[in-house]
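K.L.:
Quick one: structure below, then a few questions.
Numbering (mature numbering (1 follows the signal peptide of the UniProt record, and there is no 0)), first residue to last: -22 to -1, 1 to 221.
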């Protein structure tokens, strides 16, 4: 009888141990989830070291890959275990400096929140395309519709690339498209200026690659698309300073 009680006690202890282990475990089982992801018609790519996952019927994407490809900035405060995300935006903002170019009923504006920025400040620039014609028209464009570029005083240039996708959509009077300048262009400019060919080595040496060094910079926005099958090219520029 004593032997039976001992065996029962060991089995019970084993079950409790397994249950507690399961309750306190930080390990979950998930599966790879290969799928296409687009943000504002731009297709994103994820590396094999940062794959998409499926858990409980929901898709989980790597935060850094997702937001940086969408033009944002992701940083991690290890001490406080905090993920910080910043994304460029053009909503509810006032510009301190603006520039405009036009051709007939089409206008292209570029705005900056400031004329001068401090080192360590994120650049706040956005562009707007406006149609004021009376007749409906068809716009054909790639992605993004508005592209930006930034050039330093030495002629180094960081610029957007247009994806090979092609979209057509109707525009009416007072149709307006607005896009924010992507800080990824600053990262590209700093990469060129660094002279470091290995991207991984650049990443290791530049902890804040989205900050501009002190100096004078020219930023442009470009509309290079078609209206009713005819090409329309507009570019607007402005100059900012980093102190």
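Here a beta-carbon is modelled for each residue, glycine too, at the ideal position from N, C-alpha and C.
Who are the Cβ neighbours of residue 159 in its own chain at under 7 Å, not counting the five residues just before and after it?
P.N.:
66, 101, 103, 104, 126, 197
K.L.:
Taking all protein chains shown into account, do 16 or more other C-beta atoms lie within 10 angstroms of the C-beta of residue -14, making it buried, or fewer, making it exposed?
P.N.:
Legend: pLDDT at residue -14 = 37, less than 50; position of this residue unreliable, no value from coordinates given.
K.L.:
Please check the pair residue 109 and residue 84, which I expect to be a contact at CB under 8 Å, by giving their CB distance rounded to whole angstroms.
P.N.:
6 Å
K.L.:
Hey, residue 195 and residue 130 are a contact pair by Cβ (cut 8 Å); roughly how many whole angstroms apart?
P.N.:
The beta carbons of residue 195 and residue 130 sit about 6 Å from each other, so the pair counts as a contact at 8 Å.
K.L.:
Indicate whether residue 74 and residue 96 have their beta-carbon atoms separated by less than 9 Å.
P.N.:
no
K.L.:
For residue 171 and residue 134, which I take to be in contact (beta-carbon distance under 8 Å), what is that distance rounded to the nearest angstrom?
P.N.:
5 Å
K.L.:
How many Å lie between residue 120 and residue 147 at the Cα?
P.N.:
11 Å
K.L.:
What does the Cβ neighbour count give for residue 200, buried or exposed, with the cut at 16 atoms within 10 Å?
P.N.:
buried
K.L.:
Assign residue 165 to one of two classes, buried (16 or more other C-beta atoms within 10 Å of its C-beta) or exposed (fewer than that).
P.N.:
buried
K.L.:
Using the beta-carbon count (16 or more within 10 Å), is residue 60 buried or exposed?
P.N.:
exposed
K.L.:
What residues match up with residue 170 in a beta bridge as DSSP calls it?
P.N.:
Looking at the DSSP assignment, residue 170 forms no beta bridge with any residue, so it has no partner.
K.L.:
Who are the Cβ neighbours of residue 21 in its own chain at under 6 Å, not counting the five residues just before and after it?
P.N.:
Once the five neighbours on either side are set aside, residue 21 has no close Cβ partner at all.
K.L.:
Suppose contacts are defined by Cβ-Cβ distances below 9 Å. Is residue 163 in contact with residue 128 by that definition?
P.N.:
yes
K.L.:
Could you check whether residue 210 and residue 81 sit closer than 9 Å to each other, using their CB atoms as the reference points?
P.N.:
yes
K.L.:
Given a cut-off of 9 Å, decide if residue 50 and residue 161 are closer than it, judged by their beta-carbon atoms.
P.N.:
yes
K.L.:
Enumerate in chain order the residues of its own chain whose CB-to-CB distance from residue 12 is below 8 Å, with the five nearest sequence positions on each side excluded.
P.N.:
29, 30
K.L.:
Using only the alpha-carbon positions, how far apart do residue 56 and residue 152 sit?
P.N.:
47 Å
K.L.:
Tell me which residue opens and which closes the alpha helix (DSSP H) that residue 112 is part of.
P.N.:
Counting along the chain, residue 112 falls outside any alpha helix (DSSP H), and DSSP gives it neither H nor E.
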